[in-house]
Structure formats: structure tokens, C-alpha cells
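K.L.:
Would you mind keeping the following structure in view while I ask a few things?
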Amino acid sequence: MKFTTTDFAWQPQAVSAAGVSVAVLTGLHTFYRWDQSWVLLRNTERTITAEYWNWRAALAPENRPSDADVVASTKAFLATLSEIRGEEAQVFFQDLSFPAVVVNQSRP
Numbered sequence: 261m262k263f264t265t266t267d268f269a270w271q272p273q274a275v276s277a278a279g280v281s282v283a284v285l286t287g288l289h290t291f292y293r294w295d296q297s298w299v300l301l302r303n304t305e306r307t308i309t310a311e312y313w314n315w316r317a318a319l320a321p322e323n324r325p326s327d328a329d330v331v332a333s334t335k336a337f338l339a340t341l342s343e344i345r346g347e348e349a350q351v352f353f354q355d356l357s358f359p360a361v362v363v364n365q366s367r368p
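Under the working numbering, residue 368 is the last one in the sequence shown; the count climbs by one each step, no gaps.
So this is what it looks like as C-alpha cells:
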């Protein structure tokens, strides 16, 4: 007896499970956009790291910053961080689509 991949006891269940798996994974990928999220998060991390090192350089002991300069530099750094994170959130959510609300207008 010749055995092929089309001849096995659980063939309908295996094909159904494969189809459901592909549909579920496609739906999850479409909603969460893991590839785009990864790129966005890496770019955000790189930008934050650059800003952090700029802030640290401004506070280097050889620059002899005064307390007022340290406070001003830190406030500017925190404001920049807030802007970066705000832009990240805006980019992430701009393409996110939510299910539409359907209103049944045939009812009185």
C-alpha cells in the first residue's frame, strides 16, 4: 500500500486547524502590526538614547553647570522625552482601525 500525504485519518481536521491557525495569526498580525511596532519602538529608543546622551553631555563636570542650568537642562530633556513619546503614540494609533458601529436604521 502506497502512503501519500493526502491519505491519513485526520486529514479534514488537520486542514481545518491549519486554516484556522492562518486566519487567527493573520488577524492578530493585522491588529497588532508587530513588524511596524518593532520599527517604531526601535526608532523611539534610538531617539531617546541620543537625547539622553546630549543631556548627559550638557551636565558634564567639565562644563561646570550651575544648579539653575541643571534644572533647566533636565526640564528641557523631560519635555523632549514627552514629545518623543507623544509622537510615538500618534504614529502607532494613526493607522489603527476600530470596528465600525453599525446602527440599525430599519427599526422605528
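Backbone N, C-alpha and C define an ideal beta-carbon position, used for all residues, glycine too.
None of these values were measured; they are calculated from a predicted model.
Tell me the residue span of the alpha helix (DSSP H) that contains residue 343.
P.N.:
Counted from its first residue, the sequence shown places residue 343 at position 83. Per DSSP, residue 343 belongs to the alpha helix (DSSP H) from 327-354.
K.L.:
In the DSSP assignment, find the unbroken alpha helix (DSSP H) run with residue 298 in it and report its ends.
P.N.:
Position 38 of the sequence shown, counting from 1, holds the residue named residue 298. Counting along the chain, the unbroken alpha helix (DSSP H) around residue 298 starts and ends at 294-318.
K.L.:
Could you check whether residue 304 and residue 348 sit closer than 8 Å to each other, using their CB atoms as the reference points?
P.N.:
Position 88 of the sequence shown holds residue 348. Position 44 of the sequence shown holds residue 304. Yes.
K.L.:
In terms of alpha-carbon separation, which member of 268, 284, 300, 289 lies closest to residue 350?
P.N.:
Along the sequence shown, read from residue 1 onward, the residue named residue 350 stands at position 90. Considering only 268, 284, 300, 289, the residue with the shortest C-alpha distance to residue 350 is 300.
K.L.:
Assign residue 277 to one of three DSSP states: helix, strand, or coil.
P.N.:
Counting from one through the sequence shown, the residue named residue 277 turns up at place 17. It is helical.
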